[in-house]
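Here the structure is laid out as structure tokens; the discussion comes afterwards.
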Amino acid sequence: MNTRVNIAGVELKNPVMTASGTFGSGEEYSEFMDLGCLGAVVTKGVANVPWPGNPVPRIAETYGGMLNAIGLQNPGIDVFVRRDIPFLRQFDTKIIVNVCGRTTEDYVEVVERLADQPADLLEINISCPNVKEGGIAFGQDPKAVEAITREVKRHARQPVIMKLSPNVTDITVMAKAAEAGGADALSLINTLTGMKIDIHRRTFALANKTGGLSGPAIKPVAVRMVYQAAQAVRIPIIGMGGIQNGEDAVEFLLAGATAVSVGTASFHNPMAAAETVRGIEDYMRTYGIEDVNQLIGAVR
Amino acid sequence: MTKIREDALVLRQDALLEDVFSLWIQSEAIAAQARAGQFLSLYCREGSRLLPRPISICQIDRERGQIRLVYRTVGAGTREFAACRAGDRIPVLGPLGNGFPEIDKDKSALLLGGGIGIPPMLEAARELACRKTAVLGYRDQMFLKEEFEPFGPVYVSSEDGSFGTRGNVLDAVRENGLTADVILACGPRPMLKAVKEYAAARGIECWLSLEERMACGVGACLACVCQTKDVDGHSNVHNRRVCKDGPVFRAEEVEL
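Here the protein sequences come in this chain order: V and D.
The numbering of the first sequence is my numbering, which starts it at 2 and goes up by one.
The numbering of the second sequence is my numbering, which starts it at 124 and goes up by one.
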């Protein structure tokens, strides 16, 4: 049985990764699983300098999901390179570094700092709904998506994954723009912008007022967008949004994703990502699938 | 220390008040490692509720391998736990967080608990070898008070003055002229803020157990941060994680 998949020339032992921002740099979850069982660990977004993030409360549970407005708190690339990359190097898994920034120059600075680092792939976050500048400012305009993709690609040593926002009218326009800019792969979806009001305190549940909705509540939206994007571009897609187990992951593969990320599910079950790997294998055994690649985009 | 994730057997559950419940669960592995001031994440069975509920440890019975949690029902998740009966199982993760510091046995400690911040002070009262005085602040209904009595003097306050000192825990501290070498406190944010100022003005060593909205409970998601005076080593900004670096902090270390 083959579970290996290939993203832009990087071979993953299986198609399961962690979704950026839900898994830190792996250290906290390494107490619950061997990170080496995952296809890749995708780190929380890192910027050129430390970011303090948003005020609390930063999260709120919603029906079948959650809102977050962490605000991309991160220790900055210096600490990240010194501490987090060496930590991840101990495990037999691929390292995907998620990069965030306020300006194109910020992104480029981080990408250049990572050039001589043992990161396997870069994931460029142009879709965070929780910071005013950067992030989503780039992700909702196809010209901006293409321009920043091109600029990042010009400086990147590793293959570049562009992480797209679902908060757009037509995901295929953004997917094509990233492909035109030279992206090697796409990640989708980031969170959907949402809001929760605490009716007892008569105020917003999040200090940021709005936050990004994740969890099983958004899975059908994510599957639809992965399917649409897969029809529109030739580059591989990493699908995410509400994946809790192997069956959910298979749904994304069938829709056209080459790999998948487990995110919010890790909060509900710290072993969720590892169990998703086993769940995909169980599905393959049940249906006599020899190669996981047979599942990718099999439903048209 | 290893964090244990298991479906813990419910041994008994009692309502202490209409909205405060006492839950005993069996977990040898958690009980063997846990200490006062730590907490457990409890997970809902109902799949629409994804996030664990952090609940402080009220009592540890290491001999029997049992843990007691006393919590208030504030929403559908805690109401789900309150409906559990002996023989049911609840998915739990723990022990989590750092817990209260040890205090030299020649010293004296004031244990200040406000509302649902009272339960973690009970295990602190049981574990600490020093002389200790408990001051418990209630809205209008008492719970757990008599269980503190074997461990030292107990003072109470009530917001409506129906028992003890009218007002909050600090009013009770002042009215009874209480002092100590160390203060440990858990309760609502305004209370902790006042306790911090009170201790700072008198030069008393003070530790606060904080509460914040959490998602992962293990330090990965950065939801439950607390602002700190100095740049923190992990975050590299002025933020520490309540779930992992806390929930107990030196009072002067955190900005409330």
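Backbone N, C-alpha and C fix where the C-beta goes; we use that ideal spot for every residue, glycine too.
Rounded to the nearest whole angstrom, the CA to CA distance from D/GLU225 to D/ARG195 is 27 Å. For V/LEU255, the enclosing alpha helix (DSSP H) has its first and last residue at 247-256.
Closest option to V/ASN191, judged by alpha-carbon separation, among V/GLU32, V/ASN15 and V/LEU68: V/LEU68. With its beta carbon less than 8 Å from one in chain D, V/TYR64 belongs to the interface. In the structure shown, the three-state DSSP call for V/GLY66 is strand. Cβ proximity to chain D below 8 Å picks out LYS45, PRO51, TRP52, PRO53, GLY54, VAL57, PRO58, ARG59, ILE60, ALA61, GLU62, TYR64, GLY65, GLY66, MET67, ASN69, ILE71 and GLN74 from the stretch 42-74 of chain V. For D/SER280, no CB of chain V lies under 8 Å from its own CB, so it is not counted at the interface with that chain. In this model, V/ALA223 and V/PRO119 are separated by some 30 Å (Cα to Cα). Counting along the chain, V/VAL43 sits inside the beta strand (DSSP E) bounded by residues 41-43. The Cβ-Cβ distance between V/VAL17 and V/ASN99 does not fall below 8 Å. In the displayed model, V/CYS38 falls within a helix according to three-state DSSP. With respect to chain D, the C-beta atom of V/SER267 has a partner C-beta closer than 8 Å. One finds PRO271 in chain V with Cβ atoms closer than 8 Å to the Cβ of D/LEU216, taken in chain order. Identification of chain D residues near V/GLU106 by a Cβ-Cβ cut-off of 9 Å yields none; the smallest Cβ-Cβ distance measures about 21 Å. If you keep only unbroken alpha helix (DSSP H) runs of at least 4 residues inside the stretch 148-194 of chain D, you get 151-156. By the CB criterion at 8 Å, V/LEU207 and V/ALA70 fall inside the cutoff.
Relative to V/ILE162, the option among V/THR173, V/THR150, V/LEU13 and V/ILE172 whose CA is nearest is V/THR150. Taking the C-beta atoms as reference points, V/LEU165 is found nearer than 8 Å to V/LEU187.
Following the DSSP letters along the chain, one finds D/GLY236 inside the beta strand (DSSP E) bounded by residues 231-237.
Within its own chain, no residue has a Cβ closer than 6 Å to the Cβ of V/ALA148 once the five positions on either side in sequence are excluded. Here the stretch 277-290 of chain V makes no contact with the stretch 134-149 of chain D; the two share fewer than three CB pairs at distances below 8 Å. Going by beta carbons, D/ASP283 and D/CYS253 fall outside the 8 Å limit. Residue range 312-325 is occupied by the alpha helix (DSSP H) that includes D/ARG312. If you check the CB distance, V/ALA256 and V/THR277 do not come in under 8 Å.
A distance below 7 Å between beta-carbons, with the five flanking residues on each side excluded, links D/CYS347 to the following residues of its chain, in chain order: GLU335, ARG336, MET337, ARG364, VAL365 and CYS366. Closest option to D/PRO177, judged by alpha-carbon separation, among D/LEU251, D/ALA317 and D/VAL193: D/VAL193. From the beta-carbon of V/PHE92, no residue of chain D is found nearer than 7 Å; the closest lies around 16 Å away. Contact note: D/VAL318 does not reach chain V at a C-beta cutoff of 9 Å; the least C-beta distance is about 20 Å. Here the alpha carbon of V/GLU252 sits roughly 22 Å from the alpha carbon of V/ALA9.
Fully contained in the stretch 105-153 of chain V are the following alpha helix (DSSP H) runs of length 4 or more, in chain order: 105-114 and 137-140. With a 10 Å radius around the Cβ and a threshold of 16 neighbouring Cβ atoms, D/SER332 comes out buried.
The Cβ-Cβ distance between D/CYS181 and D/GLU203 does not fall below 8 Å. When only Cα atoms are considered, V/GLU124 and V/PRO56 end up about 26 Å apart.
When DSSP states are grouped into helix, strand and coil, D/ARG373 belongs to the strand group.
In the three-state scheme derived from DSSP, where H, G and I count as helix and E and B as strand, V/PRO221 is classed as helix. Nearest in C-alpha terms to D/LEU379, of all of D/LYS316, D/ALA154 and D/GLY342, is D/LYS316.
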